[in-house]
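Trainee: Okay, handing you the structure first.
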């Protein structure tokens, strides 16, 4: 997922992304747009498969954003 960070009102000023495994365990959580999930949890490579994500944020014009879906980890 790619989100622009811009000051023209169309980007995201607040950001949080959480990645879960199929059992609902949080594997990754970040409020930084500069770093993504590296496919690890506590330093251990996670197996290839489908993981769920939830993204929440607020745009520069104050509009809340919430997205969720699946991401496939391929090794």
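Residue numbers (the working numbering): 82 to 156.
A virtual CB, placed ideally from N, CA and C, is assigned to each residue, including glycine.
1. Take residue 132 as the anchor and find which of 95, 99 and 93 has the nearest alpha-carbon.
2. Given this structure, state the Cα-to-Cα distance separating residue 124 from residue 107, to the nearest angstrom.
3. Per DSSP, what are the beta-bridge partners of residue 131 in this structure?
4. Rounding to the nearest angstrom, what Cα-Cα distance links residue 103 and residue 127 in this structure?
5. Give me the Cα-Cα distance between residue 94 and residue 122, rounded to the nearest whole angstrom.
Mentor: So, from the listed chains and residues:
1. Relative to residue 132, the option among 95, 99 and 93 whose CA is nearest is 99.
2. When only Cα atoms are considered, residue 124 and residue 107 end up about 14 Å apart.
3. Paired residue(s): 153.
4. Distance between the alpha carbons of residue 103 and residue 127 is about 12 Å.
5. Distance between the alpha carbons of residue 94 and residue 122 is about 26 Å.
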